[in-house]
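Under the working numbering, think of the first position of the sequence shown as 448, with each following residue one higher.
Cβ atoms here follow ideal geometry from the backbone N, Cα and C, with glycine treated the same way.
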Amino acid sequence: MTTLVDKTVLVTGGRRGLGAALVDGALERGARMVHSTARSPYTDERDTVVTHVLDVRSHESVNSLAAGLGDVDIVINNAGVLLPAPLLTGAFDDVVDTFEVNTFGPLRVVRAFAPVLAARGGGAVVNVHSVLSWLAGSGAYGASKAAIWSVTNSLRSELAGQHTHVLGVHAGFIDTEMVTDVDLPKTSPSVIADRVLDALEAGDAEVLADQVSVSVKAMLGGPVEHLAFDRAH
């Protein structure tokens, strides 16, 4: 089990949407301090929230943040990007940028903060994936989320020796600015955040945060051609 009481939490992409809900939820569950990041400067009036500029695509940016935050107990990798990048026809720079943010970004953060967590007894890492980790049809975004799912599973093994709890999160569409134009059922960020933090406190390795994630996960043992975005909705 991983308690949030009196802990210091880092939330990447904490300015809005699910990230903001995770910041609020961590404080409601007793976190002492939350460090929240975004690509550009912003402010939060609460004394218990410290904001930082972070570009997860940059080793220098990530390492600089880690060097100044030796008190972090829990790392929540929420920062992500959704670009219109089909693998065959999308701009290749957009494909690369999608992987830089959604896959290599969380890995950079974990590599930088793993020694910090180890020094504080292990702590926890939460990586936000997507139901699209398992479904074809969403181009570079889905491919990048499939990759971070695999990265998380490997990190769980590699971090076990330092007693770091690793939680992977799968969710469908969350009612955030990122998917405003998507005409499909969406779940409130606060609901997803509560389910994520419940799973963190319970010591779970994975959380399926909504019914669509539960349904699609159950399809993984079936024919691969059924794992398509249009079939799941």
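DSSP bridge partner residues for THR634 (one or two, in chain order): Answer is ILE621, bridged to THR634.
Classification of ALA618 by the beta-carbon crowding that lies within 10 angstroms, buried from 16 upward: By the neighbour-count criterion, in which a residue is buried when 16 or more other Cβ atoms sit within 10 angstroms of its Cβ, ALA618 is buried.
Taking contact to mean 3 or more Cβ pairs, one atom from each stretch, closer than 8 Å, check whether the stretch 477 to 491 and the stretch 649 to 661 are in contact. No contact exists between the stretch 477 to 491 and the stretch 649 to 661.
Looking at the structure shown, is VAL509 part of a helix, part of a strand, or coil, going by DSSP? Helix at VAL509.
Is it buried or exposed, THR539, if we count other Cβ atoms within 10 angstroms and call 16 or more buried? Checking the displayed sequence, the identity of residue 539 turns out to be Phe instead of Thr. Around the beta-carbon of PHE539, fewer than 16 other beta-carbon atoms lie within 10 Å, marking it exposed.
Do the CB positions of ALA587 and PHE546 come within less than 8 Å of each other? Taking 8 Å as the Cβ cut-off, ALA587 and PHE546 qualify as a contacting pair.
Given 8 Å as the limit, is there contact between the stretch 563 to 578 and the stretch 515 to 527, that is, 3 or more CB pairs closer than that? Touching, yes.
I need the straight-line Cα distance from VAL497 to THR455, nearest angstrom please. Counting only the Cα atoms, THR455 lies some 11 Å from VAL497.
So does the stretch 635 to 644 actually touch the stretch 543 to 558, counting three or more Cβ pairs closer than 8 Å? Counting C-beta pairs closer than 8 Å gives fewer than three between the stretch 635 to 644 and the stretch 543 to 558, which falls short of the contact rule.
Helix or strand or just coil, what does DSSP make of VAL616? Three-state DSSP puts VAL616 in a strand.
Mind checking who VAL457 pairs with in its DSSP beta bridge? Looking at the sequence itself, residue 457 is Leu, so the reference to Val does not match. The partner list for LEU457 (beta bridge, DSSP) reads HIS482, VAL522.
Just the Cα atoms here: how many angstroms apart are ASP502 and PRO533? Their backbone Cα atoms lie some 24 Å apart in a straight line.
Please classify LEU579 as buried or exposed, where buried requires at least 16 other C-beta atoms within 10 Å of its C-beta. Within a 10 Å sphere around the beta-carbon of LEU579 sit 16 or more other beta-carbons, which makes this residue buried.
Compare the C-alpha of ASP622 against each of ALA526, ARG567, SER662, ARG463 and name the closest. Nearest of ALA526, ARG567, SER662, ARG463 to ASP622, Cα basis: ARG463.
Which of helix, strand or coil does DSSP assign to THR599? Of the three classes helix, strand and coil, the one that applies to THR599 here is helix, per DSSP.
Residues bridged to GLU653 (per DSSP): Residue pairing by DSSP places GLU653 opposite GLY615 in a beta bridge.
Determine the DSSP secondary structure at ARG678, reduced to helix, strand or coil. Legend: pLDDT at ARG678 = 46, less than 50; position of this residue unreliable, value from coordinates given subsequently. Reduced to three states, the DSSP call for ARG678 is helix.
Please report the residue range of the beta strand (DSSP E) in which ALA583 lies. Here ALA583 belongs to no beta strand (DSSP E), and DSSP marks it neither H nor E.
Taking buried to mean at least 16 other C-beta atoms within 10 Å of its own C-beta, is VAL509 buried or exposed? Answer is buried; the Cβ neighbour count reaches 16.
Indicate the three-state DSSP secondary structure (helix, strand or coil) for THR449 in the structure shown. In the structure shown, THR449 sits in coil (DSSP, three-state: anything other than H, G, I, E or B).
Going by DSSP, which residues form a beta bridge with HIS499? In DSSP, HIS499 forms a bridge with THR484.
Starting from ALA571, follow its DSSP beta bridges and name the residues at the other end. Paired residues: ILE521, HIS612.
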